[in-house]
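Taken in sequence, the protein lines are chains A and B.
Heads up, the first sequence is in our numbering, so the first residue is 23 and it goes up one at a time.
Heads up, the second sequence is in our numbering, so the first residue is 23 and it goes up one at a time.
Below is one structure, written out as structure tokens; the observations come after it.
There are 2 protein chains.
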Amino acid sequence: MRIVDEAAREAKRTELLDAAARCFAERGYHATRTADICALAGMSSGNLFHYFPTKQAVLLALIERDGAETATSVTELAAADDPFGALLVLLDDVCRLAADSTYSGLALEISALAHRDDDVAVRFKANDASFRQSLEDLLARAAAAGQLDTDLSAQDAATWIAALVDGMFARVAADPDFRPEAQAAVLRRIVSQLLRGAAS
Amino acid sequence: MRIVDEAAREAKRTELLDAAARCFAERGYHATRTADICALAGMSSGNLFHYFPTKQAVLLALIERDGAETATSVTELAAADDPFGALLVLLDDVCRLAADSTYSGLALEISALAHRDDDVAVRFKANDASFRQSLEDLLARAAAAGQLDTDLSAQDAATWIAALVDGMFARVAADPDFRPEAQAAVLRRIVSQLLRGAAS
């Protein structure tokens with residue numbers, strides 16, 4: 023019955039990560055105790071340590087899971103017949119994620135922690151580099167399909183798309199009136215002008 | 023001799039704030055001791071408490087000073103004959119600030135602290151709201167001078183310029199190869215296309 027055991031173990035691990043994401047987003051990493059995570063996941067207190075040696079290990083696993091999920095979804099988009107259209111869909115997805123208070127709360131918490139925790143910083147920067155590389159690949163495919171009209175390098179374009187995504191999450195943190203989903207059309211417009219508008 | 027005393031006191035206070043900015047940017051707020059700030063300012067250890075009751079009071083004074091300096095420089099720019107040109111100059115200034123490791127280090131530290139410290143958050147959000155309001159005023163003057171060609175509201179345009187500024191600082195934190203000053207022309211282009219490019 024090893025396959026069933028492995029699947030059950032994986033399901034429990036996922037439940038713990040989901041619970042940790044909510045705790046870290048809502049009350050902050052430092053204020054969260056492992057017992058809080060277990061309680062939210064409906065497990066008894068010590069149970070977490072069968073899956074993760076420390077609270078920090080839970081955080082690092084969350085960062086790695088987010089990186090893997092982002093990579094998978096960008097790779098799926100990059101395989102589309104219409105790479106530029108896929109990029110616009112990706113921007114809509116980012117607006118939806120920024121509007122999700124657990125996702126944006128966790129993202130902001132991680133970027134704050136990356137500022138002072140080297141283990142977090144290494145994984146945070148690796149996810150960022152991988153996201154920009156995926157964007158560059160998508161842009162190269164759009165260029166090959168004749169969908170772009172810009173003298174900007176794929177690297178600079180990917181950097182500024184990443185800056186716009188970061189800026190969205192920073193707006194959520196700084197401005198209580200900012201509604202990411204209501205701004206999806208403006209984000210699409212900025213990126214379209216950057217990649218297809220005439221150079222000024 | 024009260025005027026001389028006041029000027030000397032103000033100069034000492036400024037020296038302490040400059041020293042604190044460097045300490046907070048380089049080693050982080052939590053790792054900085056008030057004695058470190060005094061040492062860098064060339065004062066004996068307890069001296070800081072003649073000017074600020076706590077380390078947190080130093081931090082809050084730094085945030086208020088930054089807000090006041092930003093407001094002054096944007097107000098000066100807004101009085102220019104060419105408001106759109108003034109906006110482009112402002113963007114160049116932001117690139118210069120992002121390239122200054124003390125300024126960007128402190129800005130990133132403050133945004134991280136704002137995430138978990140209510141006193142910091144209140145002042146951080148007030149500075150942000152004031153910056154966006156200044157941008158809106160500048161955009162209104164540019165519109166009145168016939169310099170804009172966009173259907174975007176001044177509020178949305180100010181929000182996205184703020185997002186691009188935030189995004190620049192986030193890039194400094196996430197990407198060791200990002201050079202803000204080398205990207206000034208791209209930032210000018212994005213904002214120009216947003217405000218003067220044809221809507222897609």
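All C-beta atoms, glycine included, are put in the ideal place defined by N, C-alpha and C.
Interface flag, residue i vs chain B, CB-CB below 9 Å
i        : result
Leu82/A  : no
Gly189/A : yes
Glu37/A  : no
Pro198/A : yes
Ile25/A  : no
Asp104/A : no
Val208/A : yes
Ala176/A : no
Asp159/A : no
Ala93/A  : no
Gln169/A : no
Gly64/A  : no
Asp141/A : no
Gln78/A  : no
Arg211/A : yes
Gly219/A : yes
Gln155/A : no
Thr181/A : yes
Asp5/A   : The shown model of chain A, from 23 to 222, leaves out residue 5/A, and the question about it has no answer.
Cβ separation of residue i and residue j, assumed to be a contact under 8 Å, to the nearest whole Å
i        : j        : result
Met190/B : Val111/B : Actually they do not touch by this definition, with Cβ atoms about 16 Å apart.
Ser126/A : Val194/A : 5 Å
Ala166/B : Thr172/B : Ala166/B to Thr172/B, Cβ: 14 Å. No contact.
Ile59/A  : Leu70/A  : 6 Å
Leu160/A : Ala100/A : 5 Å
Ala47/B  : Ser123/B : 7 Å
Ala192/B : Ala192/A : 6 Å
9 Å Cβ cutoff met for residue i and residue j
i        : j        : result
Phe146/A : Ala63/B  : no
Arg154/B : Gln169/B : no
Gly107/A : Ser152/A : no
Thr56/B  : Lys34/B  : no
Ala157/B : Leu217/B : Reading off the sequence shown, one finds Leu at residue 157/B, where the question assumed Ala. Not closer than 9 Å, so no.
His52/B  : Arg138/A : yes
Leu39/B  : Ala93/B  : no
Leu109/A : Ile183/A : yes
Asp140/B : Arg210/B : no
Gly219/B : Gln215/A : yes
Ala43/B  : Ser133/A : no
Arg118/B : Glu28/B  : no
Thr13/A  : Phe200/B : Missing from the structure shown is residue 13/A; chain A here goes from 23 to 222 and no further.
Arg24/A  : Tyr73/A  : no
Asp188/B : Asp188/A : yes
Arg163/B : Pro75/B  : no
Short CB-CB distance (under 9 Å) between residue i and chain A
i        : result
Leu109/B : no
Leu70/B  : no
Leu135/B : yes
Ser222/B : The pLDDT assigned to Ser222/B is 38, lower than 50, so where the model puts this residue is not dependable, and the model offers no usable value.
Glu48/B  : no
Lys147/B : yes
Glu131/B : yes
Arg138/B : yes
Arg55/B  : no
Arg44/B  : no
Gln215/B : yes
Arg118/B : no
Residue i Cβ short of 8 Å to the ligand GTP heavy atom set
i        : result
Leu119/A : Only the bare structure without any ligand can be found here, which leaves the ligand GTP out of the picture.
Exercise. Which runs of the alpha helix (DSSP H) spanning at least 4 residues fall entirely within the stretch 54 to 133 of chain A, listed in chain order?
Worked result: 56 to 62, 77 to 100, 105 to 121
For this session: Ignoring anything shorter than 4 residues or poking outside the stretch 147 to 199 of chain A, list the alpha helix (DSSP H) runs there in chain order.
Result: 176 to 196
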